[in-house]
Amino acid sequence: MLEQAFTGSKKYFGLLAGLGFLIGLGALGYYQQLTTGLGITGMGRDVSWGFYIAQFTYLVGVAASGVMVVLPYYLHDYKAFGRITILGEFLAVAAVSMCLLFIVADLGRPDRLFNIIKYPTPGSVLFWDMVVLNGYLLLNIIIGWNVLEAERNDTKYKKWVKFLIYVSIPWAISIHTVTAFLYAGLPGRGFWLTAVMAPRFLSSAFAAGPALLILLCLIVRNNTKFDPGREQIQTLAKIVTYAIIVNIFLFFCEIFTVFYSQIPDHMIHFKYLFLGVEGKGQLVPFMWFSLLGMIVAAIAMVNPKIRQNENTLAWACGLIIITTYIDKGLGLISAGFIPNPLEHITEYWPTGLEAMITLGIWATGFFILTVLFKIAVAIKEEVRA
Amino acid sequence: MSIKRREFLRLAGLSTLLGLGGKAAFELIAPGQLDAQTYAPESHALKAKRWAMVVDMRKLDEKTAAKCVQACHVAHNVPDIANPTTPAAAVSPEDQVRFRIKWLWTEDYHNAFPGEEHENVQEKLHHMKFLVLCNHCDNPPCVRVCPTQATFRRPDGMVMMDMHRCIGCRYCMAACPFGARSFNWKDPRPFIKNVNLEYPTREIGVVEKCTFCDERVSKGQMPACVEVSNGALTFGDLGDPKSKVRELLRANFTIRRKAHLGTLPQVYYIV
Amino acid sequence: MEHNGNYKNEFGWFADKPKVPRKLFHAKAVVGGLLIFLVLVTAPLWRNLGKVVPAPDPKLNTQAILALPEKDRVCVEDTAFMKANHMRLLVDWRDEVVRNGNRDYINSKGKRHLASLSNNCMECHSNKSQFCDQCHNYVAVAPNCWGCHWEKEKKQVAQTEAK
């Protein structure tokens, strides 16, 4: 099957070359970071996690959302999704790969990366995050590959693959839950200290991931002979609708608890995000755009006319991807650190070099995604021909 | 000694291959000799069931506090990012804030004890500079989250850093409610003016913090800050009812930073 | 075509894998790729190829050592042991000191030594470039001890600078 990755149109190779260029730029930036230290980023002693960890968090969600096509198909026998499970699984592979790269990019001493395995520490959530992320990556590669190969050979995949598929469903939930637990169990970080963190992560993931998948399906339909299907896209759209509404609901649950209880060290982070504190509030416009955008998108998605029209659906999905990204990718991580536990306010904004490395990793993920989708689509075309 | 004979032979063999005279080593060393090698604390090391510190703010003026910070940072080669040794290494004022490394430093009342301040607080509290440092918590969140046990709690209560093992994930910095941990965003050496040659520096990419001067305590000395504090800082064994720290805790009302978080900090303040 | 488990194709249930001809597809790309891979993997060899590294000649003639009477010129263990095992010993010291608070090493003869690279080893072997580096360069290893620990040679420079 891999041979499919080496043949293709000019457009395909052009895309790969473009991504390869961005990867090269990212590698250059990373070399600089490796030799002179993480000081090249915008992070500091007060905001000690930044853009990398934020991307990581967002992408764990995208990866976990693969379960939204796998679960209906395998547990509820919703046959229509059989056509696109492979796209969900391959999207998960690309997303988890990016997650792992972002973690490595964020380490001060990547040369000691394997200390996590050399000195396993079950008490650390990060240890478990390493376990579940690598496990999920492996599961999706094995499952995706075997199912696709079976489809190509016109056979049924082996029994143990089915077993792995069943394992992968709770596993997908676990990767985002464990990632939420990274933050939600820390004393003295009022913003993150909330039981609703994991559910909110999952809801925003199940909105953003399938929204991205819808856009990818539309791209695949417009550029190849394989049509993921109108029904499939519409079902995904309904999933997105429910998830984004739950996400907004959970956000207001959070707001209620924080502001009705009036506990200052929980309120101050929200104040920083949405109003600004002591004249510092560079995220304020972003956060309002994110919140209002999410609400607008939810209203749009509820409306059947907008949802059923694939053009307007695409716009709504784009809005959801951007707004959840701002919420999770910009606000969530830095606001946990601002103000710091001693109530000093140091703001954070990524540097150019940091953005370049980030872009490089995104390009790596899309490179993987492009190759995997190319293989999947080529085989779908072949089988259908 | 953890070198097994088999492993020794393997190493000796390897070095023979490299032409380093391992063959001679093999012939010369009597097997069994290696078992005799052991380790022990230094003979005059101070020992305790539970180390703790009492900061007596009545005796601590701003000058003494500055002296303590200076003593600590010189003893441990803590870089002073604002004062590079060469002009080429200088960084902008914002970056000085970002890159700053602090083992021991001072904070105002409302920063050291957030939420405790009220409008009509004693006038003197407005002027006090509280010395703050790692609290060497009994229930340290930094130790709980560390994925490699690079930071760990010794049986005598010191929360230690193993800079050789730290992978620089900074999870401990997110977990610490006291801001006591610093990360090496840059190579620290160009920012160390008064070098203490007895103590190592750090490389880029690891986290560091106060270690209660384990290197001095093991030689029978008091921590560097305590030594120059004119009696404002007291370091001792909480497990010993006759110790100076226990005496101070018995006789005075003391507060701890963010005690409600349940990390059980072991630095006590007499205000 | 959905693979929902119970469909039948024109050959019957669960047809065999279609035969694929035995042939190396994309031979040029595959062989080229393998070659690039091989070159990259063996890069360290190529890099050191033809480099003349003088045989190691560690010097023991520092002032601190020469000041000692002949019979006291012994390391914490036999020379032979140290040659073969100093790296293991130092790693052991490191862990014992940092993690267990044991700063004294009791050697095979029962003698106590301070387990410290900078404050013990380098007191005698104050000539890193003439001692440590000799073999390390020869076998092309680069231990990063010196990223943190002061080496005596630079120590002295720093000391004189400070004065």
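Chains as they are written, first to last, in my numbering: chain A, 1 to 385; chain B, 1001 to 1271; chain C, 2001 to 2163.
For every residue, glycine included, the Cβ atom is placed at its ideal position computed from N, Cα and C.
Chain A residues whose Cβ lies nearer than 8 angstroms to that of residue i
{"i": "A1174(B)", "result": "S48, W49, Y183, L186, R189, G336 and F337"}
{"i": "E1107(B)", "result": "L342"}
Alpha-carbon spacing of residue i relative to residue j, whole angstroms
{"i": "D2057(C)", "j": "T2079(C)", "result": "14 angstroms"}
{"i": "I375(A)", "j": "I103(A)", "result": "28 angstroms"}
{"i": "K2111(C)", "j": "C2145(C)", "result": "25 angstroms"}
{"i": "P264(A)", "j": "T1201(B)", "result": "39 angstroms"}
{"i": "T257(A)", "j": "L126(A)", "result": "28 angstroms"}
{"i": "V383(A)", "j": "I233(A)", "result": "21 angstroms"}
{"i": "R1100(B)", "j": "C2148(C)", "result": "18 angstroms"}
{"i": "C963(B)", "j": "V1159(B)", "result": "This structure leaves residue 963(B) out entirely; chain B is present only between 1001 and 1271."}
{"i": "S2126(C)", "j": "L2060(C)", "result": "9 angstroms"}
{"i": "I333(A)", "j": "A184(A)", "result": "12 angstroms"}
{"i": "G281(A)", "j": "G336(A)", "result": "14 angstroms"}
{"i": "F56(A)", "j": "C99(A)", "result": "5 angstroms"}
{"i": "E329(A)", "j": "N1077(B)", "result": "What sits at residue 329(A) in the sequence shown is Gly, not Glu. Roughly 37 angstroms separates the two Cα atoms."}
{"i": "F114(A)", "j": "D1162(B)", "result": "16 angstroms"}
{"i": "F1212(B)", "j": "D2104(C)", "result": "20 angstroms"}
{"i": "G137(A)", "j": "F163(A)", "result": "Correcting the residue type first, residue 137(A) is Leu in the shown sequence and not Gly. L137(A) and F163(A): Cα-Cα distance of roughly 16 angstroms."}
{"i": "A54(A)", "j": "I326(A)", "result": "10 angstroms"}
{"i": "G108(A)", "j": "G37(A)", "result": "7 angstroms"}
Residues near residue i by beta carbon distance below 6 angstroms, same chain, minus five either side
{"i": "T177(A)", "result": "A198"}
{"i": "P1188(B)", "result": "P1079, T1201 and R1202"}
{"i": "V1267(B)", "result": "M1053 and N1135"}
Start-to-end residues for the beta strand (DSSP E) that takes in residue i
{"i": "G1236(B)", "result": "L1233 to D1237"}
{"i": "F1152(B)", "result": "T1151 to R1153"}
{"i": "A1040(B)", "result": "T1038 to A1040"}
{"i": "D1056(B)", "result": "W1051 to D1056"}
{"i": "M1161(B)", "result": "V1159 to M1161"}
{"i": "F1130(B)", "result": "F1130 to L1133"}
{"i": "W1105(B)", "result": "L1104 to E1107"}
Within chain B, the residues that residue i reaches when beta carbons sit closer than 8 angstroms
{"i": "D2104(C)", "result": "Y1039, A1040, P1041, E1042 and S1043"}
{"i": "R2099(C)", "result": "F1152, M1160 and D1162"}
{"i": "W2046(C)", "result": "What W2046(C) touches in chain B: nothing, since even the nearest Cβ is about 20 angstroms away."}
{"i": "R2094(C)", "result": "H1164"}
{"i": "T121(A)", "result": "C1146, P1147, T1148 and Q1149"}
{"i": "I361(A)", "result": "Those do not exist, as I361(A) stays about 17 angstroms from chain B at its closest Cβ, beyond 8 angstroms."}
Under 9 angstroms from the C-beta of residue i: neighbouring residues of chain A
{"i": "R1058(B)", "result": "The contacting residues do not exist; R1058(B) stays about 23 angstroms from chain A at best."}
N- and C-terminal bounds of the alpha helix (DSSP H) containing residue i
{"i": "Y52(A)", "result": "F51 to A64"}
{"i": "Y119(A)", "result": "First-last for Y119(A): undefined, no H or E at that position."}
{"i": "I268(A)", "result": "P264 to F274"}
{"i": "R83(A)", "result": "Run containing R83(A): none; DSSP gives neither H nor E here."}
{"i": "D1095(B)", "result": "P1093 to F1099"}
{"i": "F251(A)", "result": "R230 to S261"}
Close-in-space but distant-in-sequence residues of the same chain around residue i (CB under 7 angstroms, 5 per side omitted)
{"i": "F206(A)", "result": "S65, M68, I239 and A243"}
{"i": "C1169(B)", "result": "P1147"}
{"i": "L2117(C)", "result": "L2090, C2145 and H2149"}
Contact list for residue i against chain B, beta-carbon separation under 9 angstroms
{"i": "F127(A)", "result": "P1147 and T1148"}
{"i": "A2115(C)", "result": "Y1039"}
{"i": "S124(A)", "result": "R1144, V1145, C1146, P1147, T1148, Q1149 and Y1171"}
Sequence-distant residues of its chain with Cβ nearer than 8 angstroms to residue i (five each side left out)
{"i": "L1028(B)", "result": "Residue placement at L1028(B) is flagged as unreliable, the pLDDT there being 45, under the threshold of 50; a coordinate-derived value is accordingly withheld."}
{"i": "L101(A)", "result": "I361, T364 and G365"}
{"i": "P187(A)", "result": "L193"}
{"i": "E1227(B)", "result": "A1071 and Q1221"}
{"i": "A1024(B)", "result": "Per-residue confidence for A1024(B) stands at a pLDDT of 40, beneath the threshold of 50, marking its modelled position as unreliable; no derived number is given."}
{"i": "V182(A)", "result": "Before going on, a small fix: residue 182(A) reads as Leu here, not Val. Excluding sequence neighbours, L182(A) sits near V125, L126 and D129."}
{"i": "Q11(A)", "result": "The sequence shown places Lys at residue 11(A), not Gln. Result list for K11(A): N223, in chain order."}
{"i": "I1270(B)", "result": "V1054, V1055, D1056, M1057, R1058, L1248, N1252, F1253 and T1254"}
Residue i beta carbon near the ligand MN (any heavy atom closer than 8 angstroms)
{"i": "W315(A)", "result": "Ligands in the displayed structure: none, and consequently the ligand MN is not present."}
Within chain C, partners of residue i - CB distance below 9 angstroms
{"i": "A1203(B)", "result": "Residue 1203(B) is actually Glu in this sequence, not Ala. Correct list: N2144, G2147 and C2148."}
Contacts that residue i makes with chain C (C-beta to C-beta distance below 8 angstroms)
{"i": "D1214(B)", "result": "G2101"}
{"i": "P1200(B)", "result": "S2118, C2148, H2149 and W2150"}
Pull out every residue of the region 1242-1269 of chain B whose Cβ sits closer than 8 angstroms to any Cβ of chain A, in chain order. K1258, L1261, G1262 and T1263: these are the residues of the region 1242-1269 of chain B whose beta carbon lies less than 8 angstroms from some beta carbon of chain A, given in chain order.
Could you name the residues of the region 1181-1198 of chain B whose beta carbon sits closer than 8 angstroms to any beta carbon of chain C, in the order they occur along the chain? Those residues of the region 1181-1198 of chain B that come within reach of chain C (Cβ to Cβ, closer than 8 angstroms) are N1194, V1195, L1197 and E1198.
Which residues of the region 314-348 of chain A have a Cβ closer than 7 angstroms to any Cβ of chain B? Give them in chain order. Within the region 314-348 of chain A, the qualifying residues are N340, P341, L342, E343, H344 and T346.
The region 247-274 of chain A: which residues have C-beta closer than 7 angstroms to a C-beta of chain B, in chain order? Correct list: P264 and D265.
Closer than 9 angstroms between beta carbons: that is the criterion. Which residues of the region 2107-2140 of chain C meet it against chain B? For the region 2107-2140 of chain C, residues whose beta-carbon sits nearer than 9 angstroms to a beta-carbon of chain B comprise N2107, S2108, K2109, G2110, R2112, L2114, A2115, S2116, L2117, S2118, N2119, C2135, Y2138 and V2139.
Taking only beta carbons into account, state which residues of the region 100-112 of chain A come closer than 9 angstroms to chain B, listed in chain order. From the region 100-112 of chain A, only I103, D106, L107, G108, R109, P110, D111 and R112 have a Cβ closer than 9 angstroms to chain B.
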